[in-house]
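Using our numbering, read the sequence shown as starting at 304 and increasing by one per residue.
Here a beta-carbon is modelled for each residue, glycine too, at the ideal position from N, C-alpha and C.
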Amino acid sequence: MALKNYEFWFVVGSQFLYGPEVLETVAARAEEMVEKMNASGNLPCKLVYKVTAKTNKEITDVVREANYAENCAGIITWCHTFSPSKMWINGFANLQKPYLHFATQYNREIPNDEIDMDFMNLNQAAHGDREHGFIAARLRMPRKVIAGYWQDEDVQARIGSWMRAAVGVAFSKTLKVMRFGDNMREVAVTEGDKVEVQTKLGWQVNTWPVGKLVETMNEVTETEVDAKMAEYTSLYEMATDDVETVRYQAREEIAMKKMLDAEGCMAFANTFQDLYGMKQLPGLASQHLMAQGYGYGGEGDWKVSAMTAIMKAMSEGQTGGTAFMEDYTYHLEKGNEYSLGAHMLEVCPSVAAGKAKIEVHPLGIGDREPPARLVFEGKAGSAIVVSLIDMGGRLRLICQDIECVKPIMDMPNLPVARVMWRAMPDLTTGVECWITAGGAHHTVLSYDVTAEQMKDWATMMDIEFVHITKDTTAEGLEQQLFLNDLAWKLK
304 MALKNYEFWF
314 VVGSQFLYGP
324 EVLETVAARA
334 EEMVEKMNAS
344 GNLPCKLVYK
354 VTAKTNKEIT
364 DVVREANYAE
374 NCAGIITWCH
384 TFSPSKMWIN
394 GFANLQKPYL
404 HFATQYNREI
414 PNDEIDMDFM
424 NLNQAAHGDR
434 EHGFIAARLR
444 MPRKVIAGYW
454 QDEDVQARIG
464 SWMRAAVGVA
474 FSKTLKVMRF
484 GDNMREVAVT
494 EGDKVEVQTK
504 LGWQVNTWPV
514 GKLVETMNEV
524 TETEVDAKMA
534 EYTSLYEMAT
544 DDVETVRYQA
554 REEIAMKKML
564 DAEGCMAFAN
574 TFQDLYGMKQ
584 LPGLASQHLM
594 AQGYGYGGEG
604 DWKVSAMTAI
614 MKAMSEGQTG
624 GTAFMEDYTY
634 HLEKGNEYSL
644 GAHMLEVCPS
654 VAAGKAKIEV
664 HPLGIGDREP
674 PARLVFEGKA
684 GSAIVVSLID
694 MGGRLRLICQ
704 DIECVKPIMD
714 MPNLPVARVM
724 WRAMPDLTTG
734 VECWITAGGA
744 HHTVLSYDVT
754 AEQMKDWATM
764 MDIEFVHITK
774 DTTAEGLEQQ
784 LFLNDLAWKL
794 K
């Protein structure tokens, strides 16, 4: 489902104590607020006013409806007046969608000349939201609290950012991952409990034989390949005379997309160790599929494949880019330390600084023909890298802030897509913290998705979140991980 097709329900809390005129005013104001926030352009999804809830039944009914509405990605609540929180217990106890508590009020300022007891009785958000907040805290509900004036752009932007994280949850709950074969032999971090992941995150992760892919490739027509080649040449610079190799990548892409779409899968993984019946490891094919929103994981890494798809869904409509990534090597010159991220072939061109080039070069592993791939440098800018790992009994999401730069050297003999960055808080401390937390070598790099959004997503999914920032120290992170272990053992 596209981002624009999701909606969020605005539920306002009140009670019968104040009489019908006050309730009519509350409802009218709620509708006005929703209309103006939708018109602001700061919300990526539609906000829908549902009800001014005054009873346990009204709240329970709207929660039940939200739980089963496919296009409802979450609930946003606000208490214009005082809403006794016991009436929210049954509804909140059964809520299965992400929840944002918006602590605001209708008026920006206190009207000095007009304020009287009638005004005070109507405008009780200051303590209505505190009563409302207590019950969510008492129920230990995962939630986001945003406070601020509803017409302020920065407040609306924060709500919009949370909406994207909630859409990531909705996307995750229906995500299917297609594995072409198994993961790379003897690799630990790409393993994981698929039953636990489906229970916790909703992912359906299953395997299809590479032979089925080869069969589908053989069914692709030359006309279909011609159309795909035209698409390639319109988007990328053709920097090779080996057209037949590029056409083979086009055939691979068409076949993979047919299989993915037939099964409703938005993510896939493969490995160079399982290419039975294929002439090339899919390089350009995988990169162009990622550019269309599909998630990818190398060496059979289905977790990073799924996370790539989710973060692409969360960042729909933004232009910074999100890509499968791998830490390859370091530049350890004192005071000038950088990480070089790349992969054998498969980095999404959404992160390219300029027009990507289609080139053909030997791969060196996989024992197949030299594959076509997109070669480019990544853009400069602030970004994050994210890794989801299976800790045995729980999942941990690790996020690190980075600053991408134009590569400090040309690397003319390295024919791969690459991104160079400064890791926070610095390279060596960042590496120590990443390794201490168990972060994988495969990541998702995004210029669009923020660390706060990933924290919100992890909170909604009820999984552990670890954030490495400019202020992180190795000692502080070790203490955080120790406390996290204790806390999660109690869950």
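Between the CA atoms of residue j and residue i - distance to the nearest angstrom
| i | j | result |
| --- | --- | --- |
| residue 426 | residue 324 | 13 Å |
| residue 712 | residue 540 | 22 Å |
| residue 352 | residue 694 | 41 Å |
| residue 372 | residue 496 | 29 Å |
| residue 676 | residue 707 | 22 Å |
| residue 483 | residue 401 | 33 Å |
| residue 396 | residue 468 | 22 Å |
| residue 380 | residue 785 | 35 Å |
| residue 725 | residue 522 | 46 Å |
| residue 306 | residue 378 | 16 Å |
| residue 652 | residue 746 | 16 Å |
| residue 550 | residue 788 | 51 Å |
| residue 500 | residue 688 | 21 Å |
| residue 437 | residue 417 | 31 Å |
| residue 533 | residue 512 | 29 Å |
| residue 419 | residue 356 | 25 Å |
| residue 489 | residue 565 | 31 Å |
| residue 680 | residue 552 | 21 Å |
Closest residue to residue i among the options (Cα-Cα distance)
| i | options | result |
| --- | --- | --- |
| residue 672 | 581, 742 and 684 | 581 |
| residue 387 | 421, 434, 696 and 366 | 434 |
| residue 457 | 559, 343 and 700 | 343 |
| residue 407 | 451, 636 and 380 | 451 |
| residue 736 | 625, 777 and 681 | 777 |
| residue 358 | 526, 339, 394 and 374 | 394 |
| residue 794 | 443, 626 and 657 | 443 |
| residue 304 | 313, 584, 346 and 470 | 470 |
| residue 321 | 440, 645 and 422 | 422 |
| residue 710 | 605, 642 and 753 | 642 |
| residue 691 | 639, 364, 770 and 649 | 770 |
| residue 742 | 631, 702, 678 and 316 | 702 |
| residue 631 | 717, 614, 606 and 696 | 717 |
| residue 474 | 610, 792 and 650 | 610 |
Beta-carbon proximity check, residue i vs residue j, cutoff 9 Å
| i | j | result |
| --- | --- | --- |
| residue 772 | residue 728 | yes |
| residue 403 | residue 370 | no |
| residue 591 | residue 556 | yes |
| residue 336 | residue 453 | yes |
| residue 624 | residue 749 | yes |
| residue 599 | residue 560 | no |
| residue 627 | residue 699 | no |
| residue 572 | residue 608 | yes |
| residue 440 | residue 409 | no |
| residue 647 | residue 722 | no |
| residue 621 | residue 487 | no |
| residue 759 | residue 447 | yes |
| residue 612 | residue 478 | yes |
Residue i classed as buried or exposed, judged by whether at least 16 other C-beta atoms fall within 10 angstroms
| i | result |
| --- | --- |
| residue 430 | exposed |
| residue 595 | exposed |
| residue 537 | exposed |
| residue 765 | exposed |
| residue 685 | exposed |
| residue 515 | exposed |
| residue 554 | buried |
| residue 579 | exposed |
| residue 518 | exposed |
| residue 602 | buried |
| residue 498 | exposed |
| residue 548 | buried |
| residue 574 | buried |
| residue 546 | exposed |
| residue 412 | exposed |
| residue 635 | exposed |
| residue 604 | buried |
Residue i in three-state terms, based on DSSP
| i | result |
| --- | --- |
| residue 348 | coil |
| residue 745 | strand |
| residue 706 | strand |
| residue 444 | coil |
| residue 646 | coil |
| residue 586 | coil |
| residue 403 | strand |
| residue 568 | coil |
| residue 626 | strand |
| residue 691 | strand |
| residue 503 | helix |
| residue 486 | coil |
| residue 382 | strand |
| residue 433 | helix |
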